[in-house]
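Structure, as structure tokens:
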Amino acid sequence: MLDLLFAQYKGYSFFFITLEITAVLFGIISVLFARKNNILVYPTGLISTLIFIYILYNFKLYGEFIINIYYSVMSILGWYLWSRRNNDQEEFPISIMNSKEYKISGLIFTVTLLFIALVYHFFDKFTDLTAYVDAFTTALFFVGMWLMAKRKIENWIVWIIADIISVPLYFYKGLTVSSLQFIVFTIIAILGYKEWKIFLQKKI
Numbered sequence: 001m002l003d004l005l006f007a008q009y010k011g012y013s014f015f016f017i018t019l020e021i022t023a024v025l026f027g028i029i030s031v032l033f034a035r036k037n038n039i040l041v042y043p044t045g046l047i048s049t050l051i052f053i054y055i056l057y058n059f060k061l062y063g064e065f066i067i068n069i070y071y072s073v074m075s076i077l078g079w080y081l082w083s084r085r086n087n088d089q090e091e092f093p094i095s096i097m098n099s100k101e102y103k104i105s106g107l108i109f110t111v112t113l114l115f116i117a118l119v120y121h122f123f124d125k126f127t128d129l130t131a132y133v134d135a136f137t138t139a140l141f142f143v144g145m146w147l148m149a150k151r152k153i154e155n156w157i158v159w160i161i162a163d164i165i166s167v168p169l170y171f172y173k174g175l176t177v178s179s180l181q182f183i184v185f186t187i188i189a190i191l192g193y194k195e196w197k198i199f200l201q202k203k204i
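Okay, so the sequence shown: first residue is 1 according to the working numbering, each after it adds one.
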């Protein structure tokens with residue numbers, strides 16, 4: 001079983017394996033902070049995304065490569081928004097989406113999907129099913145990251161869907177550790193949704 005999961009790592013350098021493990025660990029720590037509504041989600045997440053930018057470029061997962069650049073930018077924005085306070089109260093507390101935010105989310109998803117499709121077409125990479133799956137998950141992740149920056153509880157639903165799809169995608173591409181990371185992310189996202197929902201119910 002271990003040979004099946006990790007056989008591809010025999011051809012990887014120690015440096016690369018260390019990089020992936022480091023990125024995964026910081027990614028998990030970041031999601032744990034998100035679950036607890038802790039602003040440290042952003043600096044820890046930023047470390048993970050910057051490392052993954054390098055890894056994903058080398059594996060030619062251009063959609064995920066682009067999204068990690070986006071993650072890095074949104075981590076800085078989210079860090080800023082979560083730190084803002086008004087009369088000693090969080091300016092962006094946990095809340096649910098309104099109709100305008102649903103429309104914006106739909107727009108982000110559509111524009112991202114079209115952009116990633118153009119990137120794959122430009123690099124002539126629409127040669128495998130993974131390219132289409134990558135484009136779809138990338139669009140989902142763009143929406144999820146924006147909703148998290150706005151502290152919308154629906155961000156967890158988007159993460160859950162995208163994380164589940166990413167498990168086989170990363171395994172197929174030979175990034176077993178990252179694939180296992182998405183299993184952990186799915187579990188944490190489910191728990192995060194439940195905790196944020198309890199928080200909202202207490203506010204009512």
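No residue lacks a Cβ here, since even glycine has one placed at the ideal position from N, Cα and C.
*Is Thr22 buried or exposed, if buried means 16 or more other CB atoms sit within 10 Å of its CB?*
Thr22 should be labelled exposed.
*Can we count Tyr42 as close to the ligand COA, meaning its CB is less than 6 Å from some heavy atom?*
Absence of the ligand COA from the depicted structure is noted, as is the absence of any ligand whatsoever, leaving it without description.
*Once you ignore the five residues that flank Ser30 on each side, which residues in its own chain have a CB closer than 7 Å to its CB?*
Apart from sequence neighbours up to five positions away, the residues of its chain that approach Ser30 with a beta-carbon distance below 7 Å are Val41, Thr44, Gly45 and Ser48, ordered along the chain.
*Provide the residue(s) that pair with Lys152 in DSSP beta bridges, ordered along the chain.*
The partner list for Lys152 (beta bridge, DSSP) reads Ser95.
_alpha helix (DSSP H) runs contained entirely in the stretch 40-64, provided each spans 4 or more residues_ = At a cut-off of 4 residues, the continuous stretches assigned as alpha helix (DSSP H) that sit fully inside the stretch 40-64 are 41-58.
*Leaving aside the five residues before and after Leu32 along the sequence, list all residues of the same chain whose C-beta is less than 7 Å from its C-beta, in chain order.*
By the criterion of a C-beta distance shorter than 7 Å, Leu32 is surrounded in its chain by Ile188, once the five residues flanking it on both sides are discounted.
*Are the CB atoms of Ser178 and Val167 nearer to each other than 7 Å?*
No; because the gap between Cβ atoms is not below 7 Å, this pair is not in contact.
*Near Phe126, what residues of its chain come up, given a Cβ to Cβ distance below 6 Å and the 5 sequence neighbours on each side ignored?*
Answer for Phe126: Tyr120, listed in chain order.
*Could you name the residues that DSSP lists as bridge partners for Glu90?*
Residue pairing of Glu90 in beta bridges, as defined by DSSP: Arg85.
*Using 10 angstroms around the beta-carbon of Arg35, count the other beta-carbons present and answer buried if the total reaches 16, otherwise exposed.*
Burial call: buried.
*asked:* Any contact between the stretch 77-94 and the stretch 150-166? By contact I mean 3 or more CB pairs, one from each, below 8 Å.
replied: The answer is yes - the stretch 150-166 touches the stretch 77-94, with three or more Cβ pairs under 8 Å.
*Would you call the CB atoms of Thr138 and Ile69 closer than 7 Å?*
It is not a contact, given that the beta carbons lie outside the stated cut-off.
*asked:* Residues in the same chain with beta-carbon distance under 6 Å from Ile165, minus the five sequence neighbours each way, listed in chain order, please.
replied: Scanning its chain for C-beta atoms nearer than 6 Å, with the 5 sequence neighbours on each side dropped, one finds around Ile165 the residues Thr137, in chain order.
*Identify whether Leu208 lies in helix, strand or coil by the three-state DSSP scheme.*
The question about residue 208 has no answer here: the residues shown for the chain are numbered 1 through 204.
_Excluding the 5 residues flanking Ser13 on each side, which residues of the same chain have their C-beta closer than 6 Å to its C-beta?_
Within the same chain, no Cβ atom closer than 6 Å to the Cβ of Ser13 is found once the five residues on either side in sequence are excluded.
*Pick from Ala117, Gly174, Lys103 and Ile104: whose alpha carbon is nearest that of Leu56?*
Cα-wise, what sits closest to Leu56 is Gly174.
*Residue from Tyr54, Phe109, Ile53 and Leu129 with nearest C-alpha to Trp146*: When each option's Cα is compared against that of Trp146, the closest is Phe109.
*Taking the CB atoms as reference points, tell me whether Ile116 and Ala135 lie closer together than 7 Å.*
Yes. Within cutoff.
*Chain-order list of residues whose beta-carbon lies under 7 Å from that of Ser83 (same chain, five-residue window excluded)*: Ile39, listed in sequence order.
*asked:* Can you tell me whether Val73 is buried or exposed? The criterion is at least 16 other CB atoms within 10 Å of its CB, across all chains shown.
replied: Exposed, because fewer than 16 other Cβ atoms sit within 10 Å of the Cβ of Val73.
*If you draw a straight line from the C-alpha of Ile94 to the C-alpha of Tyr102, how long is it?*
Going by the C-alpha atoms only, they are around 16 Å apart.
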